[in-house]
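Undergrad:
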Amino acid sequence: MAILHRNSVRLFVLGWLGWLVIAAVLVASTASIKFTPKILTATSVFWVASVLGYLILSLYRICRSPNTSVNPPRYRLQCDQNLGNTIITLLVATLALPVLYWTTWFPDQTRNVSTFERDTVDKVYFPSLTLFQRSDWTSQANLDVSARPKCFLGWHNEKAPSCDNITIPGVACQCTDQWDDDVRDFEWQNTSYRALSLISSKSMVSPIPTYQMIAQAFFTFNSSQARADSSHVLSPSLWIAIHDPTLTVQQTLESGHTRMVLINANGMTAINLGINRRKALGRAPADDYQLSISTIPSMDLQCDVSADGGARGMCFVSLFLQFPSFERLVSRQDVAMKWEDVASAAGSWFALFQLAGWIFSGLAWHEGS
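If you're matching positions, the sequence shown starts at 1 in the UniProt record's numbering and goes up one per residue.
1) Relative to the alpha-carbon of serine 192, which residue among Trp137, Ser344, Phe106 and Ala217 has its alpha-carbon at the smallest distance?
2) Helix or strand or just coil, what does DSSP make of cysteine 175?
3) For the alpha helix (DSSP H) containing valine 249, list its first residue and its last residue.
4) Could you compute how far the alpha carbon of phenylalanine 152 sits from the alpha carbon of leucine 281?
5) Quickly, what does DSSP pair alanine 265 with across the bridge? List them, please.
6) Thinking threonine 89 and glutamine 354 are a contact (beta carbons under 8 Å), I'd like their distance in whole angstroms, please.
7) On the CB-based measure, 16 or more other CB atoms within 10 Å of its CB, does alanine 284 come out buried or exposed?
8) Bridge partners of glutamine 133, per DSSP?
9) Measure from the alpha carbon of tyrosine 101 to the alpha carbon of each residue in Lys338, Trp358 and Thr120, then state which is nearest.
10) Looking at leucine 143 and valine 183, is the spacing between their C-beta atoms short of 8 Å?
11) How do the region 122-137 and the region 240-249 stand: do at least 3 beta-carbon pairs fall below 8 Å, yes or no?
12) Provide the residue(s) that pair with tryptophan 239 in DSSP beta bridges, ordered along the chain.
13) Does the contact criterion of 3 or more C-beta pairs under 8 Å hold for the region 304-320 versus the region 260-279?
14) Roughly how many angstroms separate the alpha carbons of threonine 269 and threonine 110, rounded to a whole number?
15) Spatial neighbours of aspartate 304 within its chain, please: C-beta separation below 6 Å, excluding the five flanking residues on both sides.
16) How long is the line joining the alpha carbons of threonine 167 and proline 207, rounded to whole angstroms?
17) Taking buried to mean at least 16 other C-beta atoms within 10 Å of its own C-beta, is leucine 17 buried or exposed?
18) Quick one: using the 10 Å Cβ neighbour count with 16 as the cut-off for buried, is arginine 118 buried or exposed?
19) What first and last residue would you give for the beta strand (DSSP E) that runs through glutamine 109?
20) So, are the CB atoms of serine 197 and serine 128 less than 8 Å apart?
21) Classify methionine 299: buried if its beta carbon has 16 or more other beta carbons within 10 angstroms, exposed otherwise.
22) Under three-state DSSP, which class holds aspartate 308?
23) Have a look at glutamate 327 and tryptophan 349 and give me their C-alpha separation to the nearest angstrom.
24) Can the beta-carbon of isoleucine 271 be found less than 8 Å from the beta-carbon of leucine 291?
25) Let me check understanding here. Comparing Cα to Cα, which of Lys123, Val233 and Leu91 lies closest to serine 325?
26) By the three-class DSSP mapping on this structure, what secondary structure does leucine 352 have?
27) When DSSP labels each residue in this structure, what does serine 344 get in the three-state scheme?
28) Can you tell which of Tyr289, Pro98 and Ala226 has the C-alpha that lies nearest to the C-alpha of serine 139?
29) If I measure Cβ to Cβ from valine 335 and keep anything under 8 Å in the same chain, skipping five residues before and after, which residues do I get?
30) Nearest-angstrom Cα distance between serine 344 and tryptophan 105?
31) According to DSSP, which residues form a beta bridge with methionine 213?
32) Write down the C-beta distance between serine 331 and arginine 278 rounded to the nearest angstrom, noting that I regard them as a contact closer than 8 Å.
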């Protein structure tokens with residue numbers, strides 16, 4: 001005999017399911033709201049008390065229901081055992097699941113975790129780069145685009161075709177058009193800079209490790225002004241930020257995917273790039289490059305525009321970028337427990353409650369049809 005032959009049991013099960021659905025909807029609709037412990041406790045107590053009261057009233061009504069043609073006395077024991085199994089399972093679930101959620105699953109839903117793994121890719125795209133000159137630091141190089149900045153893949157070749165016209169990765173090409181036309185003003189952390197960017201395109205590919213990207217930008221320098229402002233003359237310097245081309249330099253600085261690094265502008269700077277793929281909560285994946293920098297300084301300063309400098313032309317910063325390997329570190333930030341994990345955990349516990357109800361109701365020891 002099916003226990004659902006009894007109308008009171010049907011109402012009992014449907015009512016309990018209704019409470020469960022209402023609770024699930026309330027939890028899902030308020031998932032983004034930060035509750036205080038007092039509100040969480042009051043909500044849990046109210047929900048458990050309401051469902052528990054409904055269970056008690058339903059149990060009382062079911063136990064008082066008379067025998068019928070579909071429920072003769074000879075089935076009374078089996079019916080009581082089925083009913084007891086249902087009552088025990090739902091009663092324990094009603095009490096335990098909210099406690100488990102608020103004490104274990106909800107904290108994990110609000111706790112961020114990071115996972116790390118390594119993989120190797122077949123090819124990588126060269127990053128974008130931005131050079132910064134601090135406006136209030138006269139000892140830095142003075143960026144000047146009157147001499148057009150340059151960019152090459154493979155090696156320096158003024159006659160090489162544009163990278164946008166290359167269909168076979170690895171062929172030497174020019175990427176000069178990817179430089180900004182002008183030096184622009186840039187504000188970061190209440191400091192003013194003059195910035196010049198090279199925005200990488202999808203045609204700028206490194207097909208093999210150690211394949212080089214060469215970038216050059218030109219500048220002047222005033223040693224007399226530097227000495228007057230700083231009491232000594234340092235080699236011209238610039239800040240550089242290497243960043244993912246899918247984001248602006250402003251976005252990568254704000255998200256922590258890049259940071260400014262000070263380099264010697266008057267020389268050749270080699271930068272080895274390590275690939276860190278980062279996926280933060282609520283954001284698209286982006287690369288964060290680990291930099292290993294070495295510089296060969298120039299022996300002279302031909303762009304000193306001071307009265308005694310004897311400027312003979314522009315100075316230029318030469319940047320040699322390469323990926324020593326295509327091994328990549330992938331980091332993902334996520335919550336410790338998602339809703340599907342909560343549902344899976346709740347299902348596992350509910351199965352345990354069913355087992356307990358099956359045993360303690362006596363249904364496990366029942367004999368006969």
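Even glycine gets a Cβ: it sits at the ideal position worked out from N, Cα and C. It should be emphasised that the depicted structure is a prediction, and the values quoted were computed from it without experimental measurement.
TA: By the coordinates alone:
1) Trp137
2) coil
3) 249-255
4) Phenylalanine 152 and leucine 281 have their C-alpha atoms some 36 Å from each other.
5) For alanine 265, which the question treats as bridged, DSSP gives no partner whatsoever.
6) Yes, threonine 89 and glutamine 354 are in contact; Cβ-Cβ is about 5 Å, under 8 Å.
7) Answer is exposed; the Cβ neighbour count stays below 16.
8) Arg194
9) Lys338
10) yes
11) yes
12) Phe132 and Leu262
13) Using a Cβ-Cβ distance cut-off of 8 Å, the region 304-320 and the region 260-279 are in contact, since at least three pairs of beta carbons, one from each stretch, lie closer than that value.
14) Cα to Cα, threonine 269 sits roughly 44 Å from threonine 110.
15) Phe221, Ser223 and Ala311
16) 12 Å
17) exposed
18) exposed
19) Element bounds for glutamine 109: not the beta strand (DSSP E) but the alpha helix (DSSP H), 106-109.
20) Remark: C-beta atoms of serine 197 and serine 128 approach each other more closely than 8 Å.
21) exposed
22) coil
23) 42 Å
24) yes
25) Cα-wise, what sits closest to serine 325 is Lys123.
26) helix
27) helix
28) Cα-wise, what sits closest to serine 139 is Ala226.
29) Within the same chain, valine 335 has close Cβ partners Asp108, Gln109, Thr110, Arg111, Asn112, Val113 and Leu281.
30) 11 Å
31) Leu153 and Leu321, per the DSSP bridge assignment.
32) 5 Å
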